[in-house]
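Just below is one structure, and these are the notes that go with it.
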Amino acid sequence: MFIALQLLIGSKSAKTCQYIRGCYFTNWAQYRTGDASYMPEHYQPGLCTHIFFAFAKFTDNFIVATTEHNDIQSDNSGLYQRVNKLKQQDPNLKTLLSVGGYGFGIQKFQQLARNQYARSKFVNSLKEFLRRFNFDGVDLDWEYPTSADYSHFIILVKDIADAFHYESVTTGKPKLLLTAAVTGNEQTAADGYNVQAMARYFDFVNVMTYDFHGGWEMQTGINSPLYRYSAAVEWAKQWNVIRVGRTTACII
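In the numbering used here, the protein residues as written are 3 to 254.
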C-alpha cells in the first residue's frame, strides 16, 4: 500500500478543497515476504479515503481483464472481493480499479484512443466490469500520452465520463468515479495533457511525484515538498507545491 499525491481539478473541487488520501493496493504485494507482504486484511479502517487497485488490463479486443490468477475467485476469496469487502468496515471508503500501469505500455492505449469502435467496446466492458465487482470507479494509468496522443487522450476520457454520467442518470446509481495517474514531469505533461479539458471530465488526478526520487539517491527524497530545499539542483527546483502554483487555501 502506498500513498499518492492528489490534485483536485475542476472549479467545483477547487472551491471545496475536498480532503483525499488515496492509497494504491498492488496485487503483486502478496508475493513479498516477511513484513513487506501486504494483503487487504492488513488495511486499517480510516487510513485511506480511496483505494486504487493496481492493476487491471484490457485485451487486444478492448475488453477489461484481470492481471493476476487470484484477482477474482468463485468463492469470493479473490483480491477484488477482499478489497471491496473493506467498505463494510469503512463505509466512506471508495475503491477504484486502476487500468494500465507502466508495464502495460502505451501501444494498446493508443490503439484504443484512436478508434471509435474500440472506445465504445472498452467503455461498455469497463462499466460492466466495475459494477460486477463492486468498484466505485476507474483510475486510468496510461504512462504516458505523447504529443501524438494529445487530442485522442481527451476523446477517450470524454467518452468514459459521458458514459458514466448517462448510466447514473438513467439508472439512479451513484456515478462511477473517473480519475487518472499522471506524470509529474512538466515537459511530459505539456506534451500529452490538455489540462483544461481534463478538468472538465476527471473527478481528480493522482500526480506521480514519487518518481522524482528513488534508489539512485543517497537519502530519502520528499515527494511533494511545500518549498524547494536549499540543496536542490537547478532542474529539481520546480518540484514543490509553491512553484507549481497550488491553491494555498487548499494546502493542509
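Idealized CB from N, CA, C, for every residue including glycine.
Buried versus exposed, by CB contacts within 10 Å (16 or more), residue i
i, result
"Trp218", "exposed"
"Ile11", "Caution is warranted here: a pLDDT of 48 is assigned to Ile11, below 50, making its placement in the model unreliable, and the coordinate value is therefore given only provisionally. The residue in question, Ile11, is buried, as its Cβ has 16 or more Cβ neighbours within 10 Å."
"Cys50", "buried"
"Ile22", "buried"
"Pro42", "buried"
"Thr97", "buried"
"Tyr146", "buried"
"Ile224", "exposed"
"Asp141", "buried"
"Trp144", "buried"
"Ser13", "Its pLDDT being 41, under 50, Ser13 is placed unreliably in this model, and the value from its coordinates should be taken loosely. It counts as exposed."
"Leu228", "exposed"
"Leu33", "Note that residue 33 is Tyr in the sequence shown here, rather than Leu. Exposed, since its Cβ has fewer than 16 Cβ neighbours within 10 Å."
"Val197", "exposed"
"Gly102", "buried"
"Val184", "buried"
"Val66", "buried"
Extent of the continuous alpha helix (DSSP H) to which residue i belongs
i, result
"Asp205", "Unbroken run through Asp205: none, as it is neither H nor E."
"Ala120", "118–134"
"Phe111", "109–115"
Supposed contact pair residue j and residue i - C-beta distance, whole angstroms, cut 8 Å
i, j, result
"Arg121", "Leu158", "6 Å"
"Asp151", "Ala192", "About 13 Å; that fails the 8 Å criterion."
"Leu95", "Lys87", "Actually they do not touch by this definition, with Cβ atoms about 11 Å apart."
"Ala56", "Tyr26", "5 Å"
"Ser100", "Phe54", "5 Å"
"Asp205", "Thr181", "6 Å"
Residue i, enclosing beta strand (DSSP E) - first and last residue
i, result
"Leu98", "96–102"
"Tyr24", "The question names Tyr, but residue 24 is Gly in the sequence shown. Start and end: 24–28."
Legend entry - Secondary structure, beta strand (DSSP E): runs of 3+ residues fully inside the segment 138–221: 139–143, 179–184, 206–209
Legend entry - Start-end ranges of the beta strand (DSSP E) lying completely within the segment 34–84, minimum 3 residues: 52–60
Inset, instruction - State whether the segment 157–174 contacts the segment 64–84, with contact taken as three or more CB pairs (one from each stretch) at a distance under 8 Å. - result: no
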